[in-house]
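Engineer: Using my numbering, you'd call the opening residue of the sequence shown number 4 and step up by one each time. Here it is, the structure in full.
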Amino acid sequence: MKTLNNRTAFVTGGASGIGLGIAKALASEGANVAIADVQADRLASALSELQSITSSVMTLEVDVRDKASLEDASSRIESELGPVSILCNNAGIGGGGKVLDTAEESWKNVIDINFWGVLNGIQVFLPGMLERGGPGHIVNTASFSGIQGHGHQSAYGSSKFAVVGLSEFLRNDLAETGVGVSVLCPHVVDTPILDGLRQRASKQVLSLIDGMAVSPDIVGQQVVSAMEQDELYIFCDGVQTREMLTKRCETLLAAMDRQFPPAGE
Ligand SMILES: NC(=O)c1ccc[n+]([C@@H]2O[C@H](COP(=O)([O-])OP(=O)(O)OC[C@H]3O[C@@H](n4cnc5c(N)ncnc54)[C@H](O)[C@@H]3O)[C@@H](O)[C@H]2O)c1
């Protein structure tokens, strides 16, 4: 999507952290911005932050698990700001430790928000984007935990692998349309989602987190640039993550080489 000026964008989980960073970057490019969240107090402070950039902004209290409320949001946005052509399915929560230590309720809650929330957004907004024939763009927020399985993040990591897969298949589906698809895969971003981790962390881990954390405003700019270039994967840092991704690719290729050695060996 070459020009974001005057387009209408919808960002879920847009009242805080990465979502707000994306909303601010879009507003700075001249887009009309609607943000949705479940936290009314955060929506109110995000609104005044966004109003310092644009007057074309609105907030909606929407739970991404609830398709009917997304449908209602879609018509309200269309009548106030115009039809949505930029969809950022970003709302998400953390949750889940080791597989067997994670309660069933936690698995369901995390998958409901992190995976179904994204799918609901696509099902509600994509048909209109296609009917209008584009241009349009969808950005789904996954995580680097959806690219390489590190640590013990059962429910969270599984939901993010699912979002990466969904985005890859959606991009195939939409290849011949004017609607692009990107998947955002941040590693550590300085947002309130890290609060719990920060409280539990030792001094040493805390300084590690602080050393790695990228600002949500930078992530917003990275998302805008990926949209303009129609890039599938959006990574937010290439320091620790490069090593982790290399390890994953090497492990996969080594397994294939053991089972099906390259010709001539
Ligand atoms: N911060 C990180 O290090 C990091 C790393 C990788 C991926 N992510 C992902 O980025 C996304 C944004 O997270 P963040 O770090 O900005 O955290 P955040 O907590 O600042 O923002 C998430 C927002 O989503 C909202 N939300 C939660 N459940 C919702 C629901 N059911 N419906 C609508 N809104 C809901 C929250 O109220 C919150 O305002 C999440 O999907 C998260 O998994 C974050």
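Quick reminder that beta carbons are idealized off the backbone N, C-alpha and C, glycines included.
Please identify the residue among Ala158, Thr194, Ala39 and Asp213 whose C-alpha is closest to the C-alpha of Lys101.
Structural biologist: Ala158
Engineer: Can you confirm whether the region 208-222 touches the region 23-36 when touching is taken to mean that 3 or more C-beta pairs between the two stretches lie within less than 8 Å?
Structural biologist: yes
Engineer: For Thr194, which option in Ala47, Val242, Gly136 and Gly223 has the closest C-alpha, if you only look at C-alpha atoms?
Structural biologist: Gly223
Engineer: Quick check: the Cα distance between Val65 and Val113, rounded to an integer number of angstroms?
Structural biologist: 17 Å
Engineer: Which complete alpha helix (DSSP H) runs does the region 152-196 hold, if anything under 4 residues is left out?
Structural biologist: 157-176
Engineer: Need the endpoints of the alpha helix (DSSP H) that Thr254 sits in, please.
Structural biologist: The continuous alpha helix (DSSP H) containing Thr254 extends over residues Gln243 to Gln262.
Engineer: Please go through the region 205-230 and give each complete alpha helix (DSSP H) segment of 4 or more residues, from N-terminal end onward.
Structural biologist: Runs of the alpha helix (DSSP H) lying entirely within the region 205-230, each at least 4 residues long, are 206-215 in chain order.
Engineer: Cα separation between Ser19 and Ala49?
Structural biologist: 7 Å
Engineer: Within the same chain, show all residues whose beta-carbon is closer than 7 Å to that of Phe238, passing over the 5 residues directly before and after it, in chain order.
Structural biologist: Cys188 and Thr244
Engineer: If I follow the unbroken alpha helix (DSSP H) through Asn123, where does it start and stop?
Structural biologist: Gly120 to Glu134
Engineer: Thinking C-alpha only, which one of Glu83, Ser162 and Val142 is nearest Ser109?
Structural biologist: Ser162
Engineer: Check Asp40 in the structure and name its three-state DSSP category.
Structural biologist: strand
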